[in-house]
Amino acid sequence: MSQTQRLNRRMIGAALIAAATGYSGTAHAIPAFAAQTGMHCSACHIGFPQLTPYGRMFKLQGYITGGTFPTWKNFALMSQTGFTQLHDKIAGGLRPGYKSNDAWVAAQQSSLYYGGAIDAALGIGAFIQVTYDNVSKSWHWDNTDIRLARSAHLFNRSLIYGFTFNNAPTVTDLWNSTPDWGYPFIHSYLAPAPAATPQVDQLAQEVYGVIVHSSAEAELLRPLLPDTHIETVAWAVPLRPTKIPFAERTGYGFVGGFRHPPNVDAVKYFVETIMPALPQPESQRFTIIGSNMPPEIAQLHSAGIDVRGHVPILADALNHLRCTIAPLRYGAGVKGKVLDPSPTASPA
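Numbering (mature numbering (1 follows the signal peptide of the UniProt record, and there is no 0)) for the sequence shown: -29 to -1, 1 to 319.
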């Protein structure tokens, strides 16, 4: 059998395994943290693994939000596979037990995780990862953080205090932005060259600059990309003057596409938690505007709530509202739903 035939068979085998292992059904609450809190992964993560304000509070409070789960639901497994092919042979093999030129690794590493509350009533929770390295044939502890957290009030201020038991000081970083949480996450365990350049650095080397819409985003990126030009460019919106006087407008609204989980969460949170505490005059209905509306939002239609869905011309709908709201509990960046109503003189 020729080298080309052997390579083709290996690549076909790799593709079949990837197809078999890569398929999954709809995942609403995976991994354990998502299942415990009932929130989407994007509620806690800006972009894995960096944390949103909600994610930082979840970590600060000891991973206990949502309460204690049946223990087996707090466990998760992860396996990394890899195929390494070098142009030139390496005398003696890439690693002990592997060939001199290429190696199919059934599992580069396998990790067992425990995540979530251990005893929510006591304020004890953990993030624990133990890993088996199939190349070096060794076990080791990866990022591990066990927390005891309590809440109190001091001088009319909220206070969270407690202890953390961890295997690396920077694991405790509430932003998950320190080296322990950095790239590369996946690389060849057999290739003799250094690990791949971090993806964000590689991208920065290929472009002249990065444009963001807010100074907050610029300040976040500058320490990460010290050699890259970071420019803040305001998000411009065209003027859409309306002839309808403010006094003749009624109600308030929410604008957002509902394929974005934070928008679904925002509307449900507002309707279920905030709206009941507000005065409800009949003339001031809450209008929900947006495409791809799921049943859980559509069914909110009632005497005080107008579920409008997709509208062909957004300005026509905004012209009749007194204001719009953006009760987002998580997310990042400048929000179009805040800027879009402004040209119609509808405060957000």
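Note that beta-carbon positions come from the ideal geometry of N, C-alpha and C, so glycine has one too.
- Restricting attention to beta strand (DSSP E) runs no shorter than 3 residues, the region 83 to 109 encloses them at 95 to 104, ordered along the chain.
- Between residue 203 and residue 218, the gap from beta carbon to beta carbon reaches 8 Å or more.
- Closest in C-alpha terms to residue 298, from the list 230, 223, 149 and 264, comes 223.
- Residue 200 has 180 as its beta-bridge partners, per DSSP.
- Residue 38 and residue 117 have their alpha carbons spaced roughly 16 Å apart.
- The way I'd put it, the region 101 to 110 does touch the region 79 to 88; three or more beta-carbon pairs between them come closer than 8 Å.
- Among the bridge pairs identified by DSSP, residue 133 is matched with 120.
- Taking the C-beta atoms as reference points, residue 265 is found no nearer than 8 Å to residue 225.
- Ranked by Cα distance from residue 29, the options 295, 55, 50 and 88 are led by 88.
- In this structure, residue 33 lies away from residue 15, with their beta-carbon atoms at least 8 Å apart.
- Between residue 93 and the set 86, 122, 291 and 182, the nearest pair of CA atoms involves 122.
- In the DSSP assignment, residue 4 falls within the alpha helix (DSSP H) that extends over 3 to 8.
- For residue 112, the three-state secondary structure derived from DSSP is strand.
- Residue 288 has its alpha-carbon roughly 23 Å from the corresponding atom of residue 249.
- Taking a contact as a CB-CB distance under 8 Å, the pair residue 148 and residue 270 does not count as one, their CB atoms being some 39 Å apart.
- Taking the Cα positions, residue 246 is about 31 Å away from residue 184.
- Taken in chain order, the complete beta strand (DSSP E) segments of 3 or more residues contained in the region 227 to 262 are 257 to 260.
- In the DSSP annotation of this structure, the continuous segment of the beta strand (DSSP E) that includes residue 278 starts and ends at 276 to 280.
- Distance from the CA atom of residue 138 to the CA atom of residue 195, rounded to whole angstroms, is 25 Å.
- Within the same chain, 200 and 202 come within 6 Å of residue 180 by CB-CB distance, once the 5 residues on both sides are set aside.
- With respect to the 8 Å criterion, residue 273 and residue 221 are not classified as neighbours on the basis of their beta carbons.
- Here DSSP, grouped into helix, strand and coil, assigns residue 47 to strand.
- Residue pairing by DSSP places residue 295 opposite 224 in a beta bridge.
- For residue 266, the enclosing alpha helix (DSSP H) has its first and last residue at 266 to 269.
- By a beta-carbon distance limit of 8 Å, residue 301 contacts residue 24. Their separation comes to about 7 Å.
- With respect to the 8 Å criterion, residue 86 and residue 2 are classified as neighbours on the basis of their beta carbons.
- Looking at the backbone, the Cα of residue 206 and that of residue 310 are separated by about 8 Å.
- At the C-beta level, residue 44 and residue 6 come within 8 Å of one another.
- Residue 260 is not a Cβ neighbour of residue 268, given a cutoff of 8 Å.
- In the three-state reduction of the DSSP assignment, residue 273 falls in the coil class.
- Counting C-beta atoms within 10 angstroms of its own C-beta, residue 42 has fewer than 16 neighbours from the protein chains shown and is therefore classed as exposed.
- Residue environment: residue 305 is assigned as exposed (fewer than 16 neighbouring CB atoms within 10 Å of its CB, all protein chains considered).
- A Cβ-Cβ contact shorter than 8 Å links residue 211 with residue 286.
- In terms of CA proximity to residue 134, 143 leads the group 152, 276 and 143.
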